[in-house]
Every structure is written in C-alpha cells, then in structure tokens.
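**Q** So that we are looking at the same thing, I have put the structure below in structure tokens.
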Amino acid sequence: MTLDEIIKELDLTILTSGEELRQITPTHGYVSDLLSCVMTGAGKGSIWVTLQSHVNIVAVAALLELTAIIITEGATPDEATITKANHEGVLILATPKRSFEIVGRLWEFGLRAAN
Amino acid sequence: MDQNGVPSKKKVNKKSVLIDDRVAEEITRVEELSYEIKIGEVTTHNLISVSPHETMIQVVELFRHKRISGAPVIDDDHLVGIISMEDLIRCLLKSDTNSEVKKYMTSPPTVVKASDPVVEALKVFVNTHFGRLPVLDDEGNLYGILTKGDITMGLLRALQRDYQIEELRRYRASHLFEDIESDRSSLILRYQIKPHDFTNGGAASSNIKRALIRLGAAPMIARRVGIAVYEAEMNLIIHTTNGGVIRVEIEPHRISIDATDDGPGIEDVQQAMKPGYSTATEEIRELGFGAGMGLVNISRCVDNMILESTPGKGSRMRMKIYLNEDSVGEASQSK
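This is how it looks when you write it as structure tokens:
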C-alpha cells in the first residue's frame, strides 16, 4: 500500500511537498514520542506515528531513512520543521485522530513492526 | 504543461506514477537542466540554407540529397524565412514546383536566441507546431537551427555529464585510502556542536553519514555511525554548558568517534549508562528527548565505548566501530 493510498484511507493532511515521496510503499511501522526509542526501534522504510512536531523529528526521520511521519492528535509543526522536512525530503502528514487509532488502522493495512 | 508552456511539476509527476522516487528526482533534474543549459549549446551548426529565389523543385532535390526536412531561407546574409517539408507538400499538391521559395516559406520566422535557456525554446515548441526554430546570436545573425531532437540530445548529454561527475566523485572518495600511500592514513572530520542548538540537531550526524556513504562504507555501518553520532550530538546540545566537539576519524579498518565537552560533567557514569536514567529537564522531555536511552543506543551501535567524566570539568566519550569483520565483536561497553 503506497503512502498516497494510506493518506486517502486515513484522511491525513499533507504538510510537505514532493509528490513522488507519496508513491513509496512503507515497509514497517513504528510509534513513539521518545526520539531515542525511535532511534532504536524504527527500521529503515518505516512510517512513524508520533505526537512530536518540533524540528528534530525531521533529523531523526532523515537519518533513519523513514518513509513518512504522521503527527497525531492535531499537533501542528512550526514553519522551521516544514522547511527542514522539504529540504531533507521527509514527508510529514498530520491528523486530529489519536495515535492508537492511526496505528490500529496501519496494522489493518498489513503494516508490522521491523525486527 | 501550464499556459506558459513550462512543464509543470504536477504533470511530470503524474507521468511518473510507476517510477520510483529516484527516477522522479531525475525528472526534476531535467527540468532544472532546461533552465541551466543555453539554446546555443544544443543547436546544430552546420547550416544548409536556401535562397528565397530558388525554386521549390530545387528544394525537393536539396532535402532529398541532404536528408533534411527543413532549412532556413537566407537573403543577403539575412534570415528571411524557414522552409519545411510541410511547405513542400503544400506546393506539390498544387503542382507548383517551379515557384520560388519565398512564395511558400514561413516568414517572418519565429526565432529564439542562442543565449536564452532551453526552456524558452520548449515554450515555443509547445505553443506552436513548428518542428524547427532558427537560432540567432546576440548580433541577430543566424547561429543555427534547433529541433526538438537537438534538445533531447542536449539534455541527455548533460545528464550523462552529471552522472559521470558523481560517479567520479564516488570513485575518488571510495579509493581515497588506496590512492594515498602512507604507513597509516586516516581522514578526520570535526564538528563544533553548540549548546541548546536544537534547530541544527542532527546536522553533524547526517553529514557524517553522507560522507561515509560516499567513501563506500556499507549502509549498515553508515547507519550505526549515524545513530551513535546523533545521540552524542544531542547529548552535547541538551546537557553541556558550552557545547562540545565531535571528532570522527575514519581509517580503512575502523571508525573512531570522540565527543568531548567542558562541562558540567556526569556525577555518576555507571548510573548514566542505565537504560531509562535521565537528568533531562521537563522542557527537554516534552520535546521527546531525555528517554534515558541515548547512551544505551550508542553502546548498541558501536563495538567499543568508553565514557569518562569529571564533574565540573567535562566529559569525553570515545566510540569505535571496527570495519574488519573479524574484529567486530558484540557491542561492548566499559567504565
């Protein structure tokens, strides 16, 4: 399932540019708001669900080569975060829904945690 | 295309639905190139021209003989029109082949300038049905003739050049250690980390990771170094008084990373190493840091880690990753 399809199904808001980034199919999923845990747990190609919206989430996603960040519960990243994400080619999505619900749906789509 | 004839991003990407992001990147590069490359660079020079007073039957012979499908019409060194296969067909249909060129040529011709970017010519091609455009130099003299094929060839050549340059860079970087002879060669990268500079958090680690990839390191090694340096970098940003320095030494057989600062130092290093232990403030925790996993992550990613600290003086963390498979042991930690 491509990110584009996931965006449609979950009614996610797209906050960054780069249409081609949305054609990618994420391989795994990960959820946490603690960046060090993400460093340990999120495998390459994962889609990451978090409440965090500050600029350092971009550095983490770029370093780990994650496919997208879904910011949940209506948290809105500031301009610096969006600018950096566009620069680094990181896709940021947002939703008012809770992390639990988003993760549940992603699981239904067949996404699993990386080993 | 939009109304100006510029290939718009949307259209290009729509076409690339079946293409992966790497190829999509190249499409954008083609767009970029059409702004960078000048029309003059892709134009064909060896000109075959006709006079407005030649007959159309002479043009038929010329086209057949030279295997071309169009030519500029020159009168007294001045470009006065353009004659193409379509004009010939119109003339043949009327059995009017003894007429002069000037009766059937397109005049005045639509021209482009040699010094303009290729995208200007693309706009004209899109908005008209011309197959070729006369190109003028800055003095208004005929410089050459441009076809869509010339543009395609020009862009392909430029892409090839780009590709070769990147290949060469990678080759040079990955052969760095073989090309330089010494008893012991190493490459040292240094990064100054400022305290509380969250905006640039992760910059050093991503730069180091990129350097390693270019040097030909295995992706897994680059990832391990990236994570270890990221955690060390964030520690300097979060906890230090005056920031610190990250020094990465790359040798053919190992990568050594040193992170040093001048305070405040760690009270109890043993305790700091415990998973979940953190001294981060509430404010820092709200940003998602301070999970107490940073040092644990580092020790997981490197083969050897030594953390020394003197309260009031500062800390020094030394990490090593071995590149020779035999020397890669279980991630270990000491002191």
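Which chain is which? The protein sequence lines are P and D, in order.
One point on numbering: in my numbering, the residue at position 65 of the first sequence is 65, and numbering is uninterrupted.
One point on numbering: in my numbering, the residue at position 203 of the second sequence is 1203, and numbering is uninterrupted.
Glycine residues also receive a C-beta, built at the ideal position from the N, C-alpha and C atoms.
Keep in mind it's a predicted model, so treat the numbers as computed, not measured.
Nearest to Asn1127(D) by alpha carbon, out of Gly1140(D), Glu1139(D), Thr1110(D) and Tyr1143(D)?
**A** Nearest of Gly1140(D), Glu1139(D), Thr1110(D) and Tyr1143(D) to Asn1127(D), Cα basis: Thr1110(D).
**Q** Of all the residues that make up the segment 29–51 of chain P, which are near chain D by a beta-carbon distance shorter than 9 Å?
**A** Within the segment 29–51 of chain P, the qualifying residues are Ser32, Asp33, Leu34, Leu35, Ser36, Cys37, Val38, Met39, Thr40, Lys44, Thr50 and Leu51.
**Q** Between the beta-carbon of Leu63(P) and the beta-carbon of Gly1226(D), is there less than 9 Å?
**A** Yes.
**Q** Ala59(P) to Val1119(D), Cα distance in whole Å?
**A** So the two alpha carbons sit approximately 35 Å from each other.
**Q** So for Gln1192(D), helix, strand or coil by DSSP?
**A** In the structure shown, Gln1192(D) sits in a strand (DSSP, three-state: E or B).
**Q** For chain P, check one thing: does any of its Cβ atoms lie closer than 9 Å to the Cβ of Lys1194(D)?
**A** No, its Cβ sits nowhere closer than 9 Å to a Cβ of chain P.
**Q** One question on the structure: do Thr13(P) and Ala94(P) come within less than 9 Å of each other, judged by their Cβ atoms?
**A** For Thr13(P) and Ala94(P), yes; Cβs fall inside 9 Å.
**Q** Given Lys1010(D), which residues of its chain have a CB within under 8 Å of its CB, disregarding the five upstream and five downstream residues?
**A** Residue placement at Lys1010(D) cannot be trusted, given a pLDDT of 41 that sits under 50; what the coordinates show is reported in the next sentence. So the list is empty, once near-sequence residues are dropped.
**Q** Assuming Ile1151(D) contacts Pro1072(D) under a Cβ cut-off of 8 Å, what Cβ separation, rounded to an integer in Å, is found between them?
**A** In fact, because the Cβ distance is near 18 Å, the residues do not count as touching under 8 Å.
**Q** By how many angstroms is the C-alpha of Lys1313(D) removed from the C-alpha of Gly1263(D)?
**A** Approximately 5 Å, taken between the alpha carbons.
**Q** Which of the residues in the segment 1226–1239 of chain D, read from start to end, lie with their CB under 8 Å from any CB of chain P?
**A** Hits within the stretch, in order: Gly1226, Ile1227, Tyr1230, Glu1231 and Met1234.
**Q** What residues from chain P crowd round Leu1287(D), counting only those whose CB sits closer than 9 Å?
**A** Here the neighbours are Leu35, Gln52, His54 and Asn56.
**Q** Hey, could you find the ends of the alpha helix (DSSP H) Leu3(P) is sitting in?
**A** Start and end: Leu3 to Leu10.
**Q** Taking only beta-carbon positions, decide if Ala1217(D) is within less than 9 Å of chain P.
**A** No, no contact with chain P.
**Q** Using the C-alpha atoms, what's the distance from Ala68(P) back to Asp42(P)?
**A** This sequence places Ala at residue 42(P); Asp is not what is there. Going from the Cα of Ala42(P) to the Cα of Ala68(P) covers about 11 Å.
**Q** So, is Gln23(P) buried or exposed, given that buried needs 16 or more other C-beta atoms within 10 angstroms?
**A** With 16 or more other Cβ atoms within 10 Å, it is buried.
**Q** Identify each residue in the segment 76–92 of chain P for which the Cβ-Cβ distance to at least one residue of chain D is less than 7 Å, and report them in chain order.
**A** Those residues of the segment 76–92 of chain P that come within reach of chain D (Cβ to Cβ, closer than 7 Å) are Ala80.
**Q** At 9 Å on the CB atoms, spell out the chain C contacts of Thr1279(D), in chain order.
**A** The chain inventory of the structure shown lacks chain C, comprising the protein chains P and D.
**Q** Whose CA, out of Phe1289(D), Asp1303(D) and Glu1139(D), lies closest to the CA of Cys37(P)?
**A** Among Phe1289(D), Asp1303(D) and Glu1139(D), the Cα nearest to that of Cys37(P) is on Phe1289(D).
**Q** What residues from chain P crowd round Asn1297(D), counting only those whose CB sits closer than 7 Å?
**A** Within chain P, the residues near Asn1297(D) are Ser36, Met39 and Thr40.
**Q** Which same chain residues, not among the five before or five after Lys44(P), have their C-beta less than 7 Å away from its C-beta?
**A** Cβ within range, chain order: Leu64 and Glu65.
**Q** Quick one: which unbroken beta strand (DSSP E) runs of 3-plus residues sit fully inside the segment 13–42 of chain P? Chain order, please.
**A** As far as the segment 13–42 of chain P is concerned, its whole beta strand (DSSP E) runs of at least 3 residues are 28–31.
**Q** Tell me which residue opens and which closes the alpha helix (DSSP H) that Lys1103(D) is part of.
**A** Start and end: Val1101 to Tyr1104.
**Q** Bridge partners for Glu1061(D) per DSSP, in chain order?
**A** Partner(s): none; Glu1061(D) has no beta bridge.
**Q** Excluding five sequence neighbours on each side, which residues of the same chain lie with their C-beta closer than 6 Å to the C-beta of Cys1301(D)?
**A** For Cys1301(D), where only same-chain residues beyond five positions count, the Cβ hits under 6 Å are Arg1224, Ile1227 and Ala1228.
**Q** Is the CB of Ala1173(D) under 9 Å away from at least one CB in chain P?
**A** It does not: the Cβ of Ala1173(D) has no partner Cβ on chain P nearer than 9 Å.
**Q** Determine the closest residue to Lys1194(D) out of Arg1172(D), Leu1133(D) and Thr1240(D), with distance taken between C-alpha atoms.
**A** Nearest of Arg1172(D), Leu1133(D) and Thr1240(D) to Lys1194(D), Cα basis: Thr1240(D).
**Q** Can you check whether the C-beta of Leu64(P) is within less than 9 Å of a C-beta belonging to chain D?
**A** By this cut-off, Leu64(P) is an interface position.
**Q** CB Arg1247(D) to CB Ile1188(D), shorter than 9 Å?
**A** Going by C-beta atoms, Arg1247(D) is nearer than 9 Å to Ile1188(D).
**Q** Using 9 Å as the limit for Cβ to Cβ distance, is Arg1223(D) near chain P?
**A** Answer yes: the Cβ-Cβ gap between Arg1223(D) and chain P drops below 9 Å somewhere.
**Q** Give every residue of the same chain whose Cβ lies closer than 7 Å to the Cβ of Thr25(P), excluding the five residues on either side of it in the sequence, and list them in chain order.
**A** Correct list, in chain order: Met1 and Thr2.
**Q** List, in chain order, every chain P residue whose beta-carbon is nearer than 9 Å to that of Glu1205(D).
**A** Note on identity: in this sequence residue 1205(D) is Ser, with Glu being the wrong assignment. By Cβ distance, chain P contributes Ala59 and Leu63.
**Q** Could you name each continuous alpha helix (DSSP H) segment of 4 residues or more that falls completely within the segment 1086–1134 of chain D, going from the start of the chain to the end?
**A** Segments of the alpha helix (DSSP H) lying fully in the segment 1086–1134 of chain D: 1101–1104 and 1118–1127.
**Q** Between the segment 1209–1221 of chain D and the segment 1162–1178 of chain D, do three or more beta carbon pairs fall short of 8 Å?
**A** Yes, since at least three Cβ pairs between the segment 1209–1221 of chain D and the segment 1162–1178 of chain D fall closer than 8 Å, the two stretches touch.
**Q** Mapping DSSP to helix, strand and coil, what is Ile1145(D)?
**A** DSSP places Ile1145(D) in strand when its eight states are reduced to three.
**Q** Where DSSP assigns a beta bridge to Asp1075(D), which residues make up the other side?
**A** Its beta-bridge partners are His1078(D).
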